[in-house]
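Sequential numbering of the sequence shown, starting at 42, is according to our numbering.
Each residue gets a CB set at the ideal place from its N, CA and C atoms; glycine is no exception.
These numbers come from a predicted model, not from an experiment.
Taking it in order: structure first as structure tokens, then the write-up.
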Amino acid sequence: PGSNVVIAAIDEKSLDDPDLGIWPWSYDMQGKLVDQLTDYGAKSIGYDVVFSASDTRTGLKPLQDIRSWLSTCDDESCSELAGLVDGKLKEANHDQIFADALARSSRVVLGYFFHWYQNDIRHLPEAEMQRFLQNIRPSTYNAPIMAPGGSLKGIDLPTGYAVESGIPILSQAAWGAGFFNSYPDPDGVHRRYRLIVKYRDRVDVANEPDYLFAPLGLRALERYLQDGDVRANTVIWADSNGVTNVGIQSRKGKYILPANRKGQMLINHLGPSDSIPLFPRYSAVDIIKGNHNSAPPEAFRDKIVLVGATAMRLVDSYVTPFNVSFPGVELHATIIDNILQQDFLVDPWWAPLYTIGAIILIGFVFTFLGPRLPALWMHLLATGIFIASLVLNYVYFNVQGWSISTVYPPLATLVIWAGLTAWKYMGEQQEKHFLRKAFTHYLSPQLIEEMVQTKTQPQLGGSSGIRTAYFTDIASFSTFSEQLSPTQLVAILNEYLGAMTNILMREGGTLDRYDGDGIVAFFGAPVPLPDHARRALRTALGMQQMLA
Numbered sequence: 042p043g044s045n046v047v048i049a050a051i052d053e054k055s056l057d058d059p060d061l062g063i064w065p066w067s068y069d070m071q072g073k074l075v076d077q078l079t080d081y082g083a084k085s086i087g088y089d090v091v092f093s094a095s096d097t098r099t100g101l102k103p104l105q106d107i108r109s110w111l112s113t114c115d116d117e118s119c120s121e122l123a124g125l126v127d128g129k130l131k132e133a134n135h136d137q138i139f140a141d142a143l144a145r146s147s148r149v150v151l152g153y154f155f156h157w158y159q160n161d162i163r164h165l166p167e168a169e170m171q172r173f174l175q176n177i178r179p180s181t182y183n184a185p186i187m188a189p190g191g192s193l194k195g196i197d198l199p200t201g202y203a204v205e206s207g208i209p210i211l212s213q214a215a216w217g218a219g220f221f222n223s224y225p226d227p228d229g230v231h232r233r234y235r236l237i238v239k240y241r242d243r244v245d246v247a248n249e250p251d252y253l254f255a256p257l258g259l260r261a262l263e264r265y266l267q268d269g270d271v272r273a274n275t276v277i278w279a280d281s282n283g284v285t286n287v288g289i290q291s292r293k294g295k296y297i298l299p300a301n302r303k304g305q306m307l308i309n310h311l312g313p314s315d316s317i318p319l320f321p322r323y324s325a326v327d328i329i330k331g332n333h334n335s336a337p338p339e340a341f342r343d344k345i346v347l348v349g350a351t352a353m354r355l356v357d358s359y360v361t362p363f364n365v366s367f368p369g370v371e372l373h374a375t376i377i378d379n380i381l382q383q384d385f386l387v388d389p390w391w392a393p394l395y396t397i398g399a400i401i402l403i404g405f406v407f408t409f410l411g412p413r414l415p416a417l418w419m420h421l422l423a424t425g426i427f428i429a430s431l432v433l434n435y436v437y438f439n440v441q442g443w444s445i446s447t448v449y450p451p452l453a454t455l456v457i458w459a460g461l462t463a464w465k466y467m468g469e470q471q472e473k474h475f476l477r478k479a480f481t482h483y484l485s486p487q488l489i490e491e492m493v494q495t496k497t498q499p500q501l502g503g504s505s506g507i508r509t510a511y512f513t514d515i516a517s518f519s520t521f522s523e524q525l526s527p528t529q530l531v532a533i534l535n536e537y538l539g540a541m542t543n544i545l546m547r548e549g550g551t552l553d554r555y556d557g558d559g560i561v562a563f564f565g566a567p568v569p570l571p572d573h574a575r576r577a578l579r580t581a582l583g584m585q586q587m588l589a
């Protein structure tokens, strides 16, 4: 990050200090904080805090009652006492003390927030909601809207139903105000920052513009870019489909903010902040008490100072791509830094087309090459595509600043690779089962396994080549068999053919058929054997030895 933003942290140290009291602190303490930051030379002060109620812990009401009674008393002593009470009233009116500090500073942007749903504030009367709205009306976008007809009517924008803002005396004294709502993506992670929020839906209100409001970070930046009395202006560009860009124009420079159609900007998160904060943090208590060792004045000079909670007990934190608990005040600081450094992430219009095209291309490559490649080469292909997609995503994100899906192309690679691997595995298992079942009675188990491993398939129509044919026959079998009963003959043939077949298969021969008392076989098919003739001779000798 750059060096333009500093955090005045409402941290554990500040909350534990007995001099400041319990949170929320009295408004006179907030006034001291503003005075100190102003004296230190802060150029813009943004409050990630809402002051929606008066400070009622000061004993102001009893003093007001006493002063009211003294105004009816004509005694000289009453007049003297009234002077003393007036002094106490001034000391006890913390709302006014805070408002005076805001007015003196003329650089404070107060925070407020929107209620998105009517059910959330059903208990509030409409008059109360209108009072809150009037407190922030001066903070609406007042710069030109570069859109057809100069209006954003009909464009789908984030819409708040009601607003909870600071009390009138503070809102009127502050330089401006900005909302600090942040809305996560469906997975609960905060990746986008709303640059525009519309108050309710005024599309049906004829000849009246919508009330459009800016976030705290943008308003604090506007005050930072103000040159003397010349304010910075925020311009909204849009077409009939929605917002295209948001820009800040000032004497100190022009900044273009890439926005999507709903006026949201991608947050370029700068990294984790669990152990080391991304932006300089100084305890609010050290600033209030003027502890220059812990909070040196030069640390705030010409800076944007954001006042917000970092203490866990205040639970002002968000989930980001880097953190499960990221202080909300640092979210606004990150956006300001993104704008000042012009270090953005952009949603390219063609990002969905890229994702779909990448998935189709990956599928085509696997479909065309997968079945033709050996398993090892297919695994290498999948690994190469997976790594290439990750490298491309890294280049797009870190070099070009394009926010393109980093999940679907690699995920498609894994899914298609897993599917092809499973398909090939099941096909191979079917082939092995077929070979074992088809040849278990004709070949030795060793030859069957060799056929399985070499994926040798029998060919329709046979194949040509030099092989060794093998035949056996029992001499004088007819004369011999006439002397036996059928049962005896079958038993002898089974014993004889079984023993001879075992010898045949032991030598790698292929049994073709039994022809009565004879065996028809061959060597060298369907599995080629370079010594098929020698094996046939060994088989013949083995059979003779067995019969002898």
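Going straight from the alpha carbon of residue i to that of residue j, what length do you get?
i      : j      : result
Val244 : Glu53  : Bear in mind that the predicted position of Val244 carries a pLDDT of just 46, short of 50, making it too unreliable to give a figure here.
Ala218 : Asn434 : 38 Å
Asp80  : Lys344 : 12 Å
Pro321 : Val47  : 5 Å
Gly468 : Phe518 : 47 Å
Ala255 : Thr181 : 7 Å
Thr361 : Asn334 : 33 Å
Gln213 : Leu347 : 20 Å
Pro527 : Arg508 : 36 Å
Gly87  : Phe139 : 15 Å
Ala374 : Leu417 : 50 Å
Ile376 : Thr285 : 18 Å
Leu455 : Tyr466 : 16 Å
Leu257 : Gly404 : 46 Å
Gly506 : Ala562 : 16 Å
Phe521 : Gln529 : 12 Å
Tyr395 : Ser444 : 11 Å
Can you name the start and end residues of the beta strand (DSSP E) that residue i belongs to?
i      : result
Ser324 : 322–324
Arg18  : Look at the range of the chain in this structure, 42 to 589, and you will see that residue 18 is not part of it.
Gln290 : 283–291
Val568 : Val568 -> no beta strand (DSSP E), and no H or E assigned at all.
Ile428 : First-last for Ile428: 416–435, but that is the alpha helix (DSSP H), not the beta strand (DSSP E).
Buried or exposed for residue i, please, with buried defined as at least 16 other CB atoms from any protein chain shown within 10 angstroms of its CB.
i      : result
Ala589 : exposed
Leu236 : buried
His573 : buried
Tyr265 : buried
Val246 : Annotation note: pLDDT 49 at Val246 (below 50); position unreliable, coordinate value reported separately. Per the 10 Å Cβ criterion, exposed.
Asp136 : buried
Leu307 : buried
Trp66  : buried
Arg233 : buried
Trp391 : exposed
Gly207 : buried
Ser11  : This structure leaves residue 11 out entirely; the chain is present only between 42 and 589.
Over the uninterrupted alpha helix (DSSP H) stretch that includes residue i, give me the two end residues.
i      : result
Met587 : 573–588
Gly219 : Not the alpha helix (DSSP H): Gly219 falls in the beta strand (DSSP E), residues 217–220.
Phe518 : 518–522
Val406 : 392–410
Classify residue i as helix, strand or coil using the three-state DSSP reduction.
i      : result
Leu552 : strand
His156 : strand
Gln305 : strand
Ser55  : helix
Val244 : Caution is warranted here: a pLDDT of 46 is assigned to Val244, below 50, making its placement in the model unreliable, and the coordinate value is therefore given only provisionally. DSSP places Val244 in coil when its eight states are reduced to three.
Pro299 : strand
Lys465 : helix
Pro225 : coil
Gly258 : helix
Ala50  : strand
Gly201 : strand
Asp280 : strand
Ser366 : coil
Please tell me whether, using a cut-off of 8 Å, the distance from the CB of residue i to the nearest non-hydrogen atom of the ligand MN is below it.
i      : result
Val440 : As presented, the structure is devoid of all ligands, the ligand MN included, so that no description of it is given.
Whether or not the stretch 414–433 and the stretch 447–466 are in contact is what I'm after, with contact meaning three or more pairs of Cβ atoms, one per stretch, closer than 8 Å; do they touch?
yes
Quick test of the definition: if touching needs 3 or more C-beta pairs under 8 Å, does the stretch 307–317 touch the stretch 348–357?
no
At least 3 beta-carbon pairs within less than 8 Å: the stretch 223–233 vs the stretch 160–174:
no
Contact between the stretch 385–399 and the stretch 267–282 (3+ Cβ pairs under 8 Å)
no
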